[in-house]
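See below for the structure under consideration.
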Amino acid sequence: MELQERILHQRIHHIIDSYHLRGNDPAQFNQRLEHLFADYETPTIELAIVDTLITEWTALPPVKGLEFIDRVKLRLTANLPTLVTASHYRMITGLEGSHLLMRQNVKMT
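Using this note's numbering, the first residue of the sequence shown is number 4, and each one after it goes up by one.
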């Protein structure tokens, strides 16, 4: 894996760790995440994770674990447009996301 790809994977793991998204079966979660890495571009996965966080924000209890990663997969499969702006992306993840959002032709506010 090249350095750039490792950095992109680290960004995803940072988001997952920040929100404790692995749930009760981290090994199975990681396995499903690896399948996503094999099937989709890493920036697309990152945006789908953030969009899933947004859509599930008010769920109680919070959606985590296998249910969360399955919802990410559904979002990727449906090829839905992103819900997030650059400023919201930074607030949610603590990461710079404008390069990801430009790929999706998203407004940079």
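Positions of the beta carbon are idealized from the N, C-alpha and C atoms, including for glycine.
Measure the beta-carbon distance from residue i to residue j and round it to whole angstroms, keeping in mind my assumption that it falls under 8 Å.
{"i": "Asp54", "j": "Leu103", "result": "Contact flag wrong, Cβ pair sits at about 11 Å."}
{"i": "Lys67", "j": "His23", "result": "7 Å"}
{"i": "Arg25", "j": "Ile19", "result": "6 Å"}
{"i": "Ile52", "j": "Val75", "result": "6 Å"}
{"i": "Asp28", "j": "Leu69", "result": "6 Å"}
{"i": "Ile72", "j": "Phe40", "result": "Not quite, the Cβ-Cβ distance comes to about 12 Å (not below 8 Å), so this is no contact."}
{"i": "Thr47", "j": "His12", "result": "Not really, about 13 Å apart at Cβ, beyond 8 Å."}
{"i": "Leu79", "j": "Tyr43", "result": "5 Å"}
Residue range of the alpha helix (DSSP H) that residue i falls in?
{"i": "Asn33", "result": "29-42"}
{"i": "Pro46", "result": "45-58"}
{"i": "Arg9", "result": "6-21"}
{"i": "Lys76", "result": "68-81"}
{"i": "Arg93", "result": "89-96"}
Any idea if residue i is buried or exposed, counting beta-carbon neighbours within 10 angstroms, 16 or more meaning buried?
{"i": "Glu49", "result": "buried"}
{"i": "Ile15", "result": "buried"}
{"i": "Arg9", "result": "exposed"}
{"i": "Gly100", "result": "buried"}
{"i": "Thr96", "result": "buried"}
{"i": "Thr112", "result": "Its pLDDT being 43, under 50, Thr112 is placed unreliably in this model, and the value from its coordinates should be taken loosely. Exposed, because fewer than 16 other Cβ atoms sit within 10 Å of the Cβ of Thr112."}
{"i": "Leu1", "result": "Absent from the structure is residue 1, since the part of the chain shown begins at 4 and ends at 112."}
{"i": "Leu63", "result": "exposed"}
Does the beta carbon of residue i come closer than 9 Å to any beta carbon on chain B?
{"i": "Thr85", "result": "The structure shown contains no chain B, having only a single protein chain."}
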